[in-house]
Every structure is written in structure tokens, then in C-alpha cells.
Amino acid sequence: MSVNESPAGRQPTATYDSPFMKACRREPVPHTPVWFMRQAGRSLPEYRKVREGIPMLESCMRPELVTEITLQPVRRHGVDAAIYFSDIVVPLKAIGLDLDIKPGVGPVVEEPIRTRADLARLRDLTPEDVSYVTEAIGLLTRELGPTPLIGFAGAPFTLASYLVEGGPSRTYENAKAMMYGDPELWADLLDRLADITAAFLKVQIEAGASAVQLFDSWAGALAPADYRRSVMPASVKVFEAVAGYGVPRIHFGVGTGELLGLMGEAGADVVGVDWRVPLDEAARRVGPGKALQGNLDPTVLFASTEAVETKTREVLDAAEGLEGHIFNLGHGVMPSTDPDALTRLVDHVHARTAR
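So the sequence shown is numbered by our numbering: it starts at 3 and just counts up by one.
Dropping the structure here:
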């Protein structure tokens with residue numbers, strides 16, 4: 003189903019004509035919509051207050067807490083979309099894998115996936131496994147009204163890399179060794195993760211998410227030929243699994259300038275662009291028929307207001323004439339970012355692009 007069609011059997015929701023949804027569908031907008039990856043999180047003092055003493059994964063499983071955290075940047079910054087507060091490893095935890103998010107480190111897997119026998123630990127995800135997600139999204143959509151909620155999941159490659167490495171990595175030597183040395187096991191691992199990811203996104207959409215984003219945070223470590231052969235089929239499977247809902251599908255990775263065309267080809271309606279490639283060049287690489295999202299360097303927010311506005315104008319100028327543009331950072335909000343700088347940025351983009 004095209005993102006430009008209303009989902010079969012459903013009436014357009016309150017969010018359907020929002021600037022964010024219009025931009026995803028490459029329709030005219032009253033202003034360029036803005037949201038930020040990691041807008042709900044450590045940069046906000048109100049977030050640190052409500053999360054105090056609560057482990058990360060536990061906080062993702064408390065519907066009232068998830069609702070409050072997701073709403074905080076919408077209230078403070080006036081962004082055009084909320085993103086569901088969670089973590090990419092939540093569905094893996096939900097199916098029973100022994101993992102945790104360690105402060106200052108990230109997700110750590112107790113027993114990495116290294117053999118074919120290990121695949122048996124990756125059972126199917128059911129809606130009952132993540133009933134707290136359904137509950138939280140129900141609470142959120144009632145609060146958000148016409149503001150869209152973006153659901154999200156980690157892409158199969160990024161999840162596989164965490165599982166095979168056992169935690170964060172800069173070189174991905176174990177994951178790549180499996181990809182190159184045992185391509186059948188690698189393909190089966192990614193295929194199973196595609197099913198889990200698709201199930202997780204379906205839960206979010208059916209609960210009321212207006213759009214979904216697939217984070218392939220580590221895909222920039224791949225050469226295009228390896229991405230096409232060994233990774234793209236699993237991402238295609240995820241996007242195809244949720245195509246029938248008619249919600250916009252966003253695809254984002256870091257350091258993926260060489261992969262932008264392939265990431266669009268995988269099935270996204272919107273391709274996220276990091277700060278390394280100007281949006282006009284990104285549009286050339288992605289090709290027609292896709293909206294783009296991005297792409298201010300997150301570190302610019304540590305400069306003066308004048309410098310932020312100058313760099314923002316560069317992004318908006320490069321986006322001039324795009325079929326659809328959603329303003330975002332080229333990666334997530336950094337923890338020490340001044341929240342007021344984000345609020346000023348939203349106001350500036352809205353004012354500068356008002357039509």
C-alpha cells in the first residue's frame with residue numbers, strides 16, 4: 003500500500019493531516035516539520051528526574067513512565083512528532099534473552115549468538131510479550147491528539163551485531179566473520195530477527211503509532227555490495243511486513259552515505275540522512291519518490307545561537323525543492339545538549355519555513 007493512501011478499512015486519524023504526516027507523503031506542508039532522534043532522554047532534566055533510580059529496561063516496561071517521558075519533549079520543544087520511548091533491545095529482552103543495558107556501556111548480551119544451535123533462543127515475539135507497549139501507546143495517542151507518534155525498532159543487522167558481538171563494538175569483527183564465513187547461518191539469523199522486528203512494529207502500529215522508523219545504527223560499517231547481499235533482504239522483509247498498514251516507514255542509519263540509495267530501495271517511504279551528506283546530494287543518491295529526513299550535525303547545538311541558525315539555513319537551503327523534508331538532526335540529541343537550544347531550533351525552523 004502506498005503511504006499516500008488511507009489504510010484500508012480505516013478512516014484517517016487525527017494525525018493524518020499533520021505537517022509531519024504530510025511531509026512523509028511528500029505533500030505541501032504549512033511549515034517544515036521538526037522532531038529529533040533521542041528528543042526524549044538525557045538532555046532533559048525532567049527526564050533525569052523521573053528516571054532516577056530506575057534501570058533503563060525497566061523504565062521501558064512501565065506504561066505510565068513511558069508515556070510521561072515520550073510527552074516531555076513535545077511539551078517543552080513543540081516538536082511536530084513524538085517518538086515512542088523504548089530501546090532497540092526491548093523485543094529481544096521480551097522473548098527471554100539474557101541481556102541488560104549497562105550505564106556508560108550500552109546493551110550487553112550474557113551469551114552471544116555464535117552457532118546455529120543458538121538460533122533456537124530467538125523465538126517469535128507475540129503481542130502478549132510486550133503488552134506494556136500496547137498499553138503505553140494507547141495512553142500516548144489519547145494525550146497527543148493530532149501530534150503523530152513514531153514507533154521504532156532496531157534493524158536486523160544492528161540487532162544481529164549486538165547479539166553476535168555480545169555488546170557494543172567499533173569493528174564488528176565477530177558479526178562480520180559470521181557474515182563472510184558462514185553466510186547461511188548469518189542469513190538465517192537476520193531472517194529470524196526480521197520476523198521479531200516486524201512483529202514489534204506491528205504491535206506499535208496496531209496500538210496507534212502513526213509512523214515507524216527502522217534504526218540501522220551500525221549499517222555504516224558495511225560496503226554497499228555486502229549490504230545488498232547480506233543485510234538488505236532482511237530489512238526488505240521488515241518493511242514489506244508492515245506495508246499493508248499504510249503508515250509512513252522511515253529508514254535511518256549512521257555513516258550510510260554510500261548506502262542511501264539501497265536504504266531507500268529496501269522499502270522506506272522516508273530516508274534518514276546523517277550530517278555527512280548534504281540533502282540535495284542525498285536526494286540524488288536516493289532517487290525520486292522518497293521524502294528525506296535530517297540532517298543538522300548534533301554538535302552544532304553546542305555553538306552560539308547565530309551559528310546554529312547559520313548551519314540550519316544550510317540544511318534548509320539544501321532541502322529546497324525536495325519532494326518532502328522532515329527536519330531532524332543527523333543523529334540523536336547528545337546528552338549534554340542545552341534543551342533551550344532545541345526549543346529555539348524548532349521555533350527557528352518553523353518560522354523560517356512558514357508558507
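Glycine residues also receive a C-beta, built at the ideal position from the N, C-alpha and C atoms.
Assess, as a yes-or-no matter, whether the segment 227-247 is touched by the segment 189-204 under the definition of 3 or more beta carbon pairs within less than 8 Å.
yes
Range covered by the beta strand (DSSP E) that runs through His253:
Indexing the sequence shown from 1 puts residue 253 at position 251. His253 -> beta strand (DSSP E) spans 251-255.
For Glu167 and Ala225, I'd like the C-alpha separation in whole angstroms.
Sequence index remark: in the sequence shown, residue 167 carries index 165 (1-based). Sequence index remark: in the sequence shown, residue 225 carries index 223 (1-based). Between Glu167 and Ala225, the C-alpha separation is close to 19 Å.
Per DSSP, what are the beta-bridge partners of Val110 in this structure?
Mapped onto the sequence shown, residue 110 falls at position 108. Answer is Asp102.
So, are the CB atoms of Leu124 and Ile103 less than 8 Å apart?
On the sequence shown, position 122 is the one that residue 124 refers to. On the sequence shown, position 101 is the one that residue 103 refers to. No, the Cβ-Cβ distance between Leu124 and Ile103 is not below 8 Å.
Whole angstroms is fine: what's the gap from Asp19's alpha carbon to Gly326's?
What you label residue 19 is simply residue 17 of the sequence shown in a count that begins at 1. What you label residue 326 is simply residue 324 of the sequence shown in a count that begins at 1. Distance between the alpha carbons of Asp19 and Gly326: 14 Å.
Using the C-alpha atoms, what's the distance from Ala293 back to Ala74?
Position 72 of the sequence shown, counting from 1, holds the residue named residue 74. Position 291 of the sequence shown, counting from 1, holds the residue named residue 293. Per the sequence presented here, residue 74 reads as Gln, with Ala not at that position. Between Gln74 and Ala293, the C-alpha separation is close to 27 Å.
What separation, rounded to the nearest whole angstrom, lies between the Cα atoms of Ser338 and Arg44?
Sequence index remark: in the sequence shown, residue 338 carries index 336 (1-based). Sequence index remark: in the sequence shown, residue 44 carries index 42 (1-based). Rounded to whole angstroms, Ser338 to Arg44 spans 8 Å at the Cα level.
Return yes when the Cβ of Ile90 is within less than 8 Å of the Cβ of Leu191, no when it is not.
Position 189 of the sequence shown, counting from 1, holds the residue named residue 191. Position 88 of the sequence shown, counting from 1, holds the residue named residue 90. Taking 8 Å as the Cβ cut-off, Leu191 and Ile90 do not qualify as a contacting pair.
Looking at the strands, I want to know which residues DSSP matches up with Val272.
Counted from its first residue, the sequence shown places residue 272 at position 270. DSSP output for Val272 lists Ile252, Ala293 as bridge partner(s).
According to DSSP, simplified to helix, strand and coil, what is His79?
Along the sequence shown, one-based indexing puts residue 79 at 77. Correct three-state label for His79: helix.
Start-end ranges of the alpha helix (DSSP H) lying completely within the segment 47-95, minimum 4 residues
47-53, 58-61, 65-79
Tell me whether Ile97 sits in a helix, a strand or coil according to DSSP, three-state version.
Taking the first residue of the sequence shown as 1, we reach residue 97 at position 95. Three-state result, Ile97: coil.
Let me make sure I understand the geometry here. Which of Gly80, Ser133, Trp220, Ala155 has the alpha-carbon closest to that of Gly169?
Here residue 169 corresponds to residue number 167 of the sequence shown, with the count starting at 1. Checking every option, the nearest Cα to that of Gly169 belongs to Trp220.
In whole angstroms, what is the alpha-carbon distance linking Arg354 and Asp82?
Within the sequence shown, numbered from 1, the residue matching residue 354 stands at position 352. Within the sequence shown, numbered from 1, the residue matching residue 82 stands at position 80. Each residue's alpha carbon lies about 15 Å from the other.
Close beta carbons around Ala209, own chain, < 7 Å, minus the five adjacent residues each side
Sequence index remark: in the sequence shown, residue 209 carries index 207 (1-based). So the qualifying residues of the chain are Val135, Thr136, Ile139, Gly140.
Per DSSP, Asp218 is paired with what?
On the sequence shown, residue 218 is found 216 positions in, with the first residue counted as 1. Paired residue(s): Gly255.
Per DSSP, which residues does Ile139 bridge with? Please list them.
If you number the sequence shown from 1, residue 139 lands on position 137. Looking at the DSSP assignment, Ile139 forms no beta bridge with any residue, so it has no partner.
Residues in the same chain with beta-carbon distance under 6 Å from Tyr229, minus the five sequence neighbours each way, listed in chain order, please.
Taking the sequence shown and counting its residues from 1, the one referred to as residue 229 is at position 227. Same-chain partners within the cutoff: Leu261, Leu264.
Nearest-angstrom Cα distance between Ala42 and Ser88?
Locating residue 42 in the sequence shown gives position 40, counting from the first residue. Locating residue 88 in the sequence shown gives position 86, counting from the first residue. Looking at the two C-alpha atoms, the distance is approximately 10 Å.
Cβ distance (whole Å) where Pro290 is taken to contact Gly332 below 8 Å:
Here the question's residue 290 lines up with position 288 in the sequence shown. Here the question's residue 332 lines up with position 330 in the sequence shown. That pair is no contact at about 22 Å.
Drop a sphere of 10 angstroms on the beta-carbon of Gly147, count the other beta-carbons inside from all chains shown, and report buried for 16 or more, exposed for fewer.
Looking up residue 147 in the sequence shown gives position 145. Gly147 comes out exposed.
For a test of the three-state rule: what should DSSP assign to Thr17, helix, strand or coil?
Against the sequence shown, residue 17 aligns to sequence position 15. Thr17: coil per DSSP, three-state reduction.
Around the Cβ of Val233, are there at least 16 other Cβ atoms within 10 angstroms (buried) or fewer (exposed)?
Translated into the one-based positions of the sequence shown, residue 233 becomes position 231. Under this definition Val233 is a buried residue.
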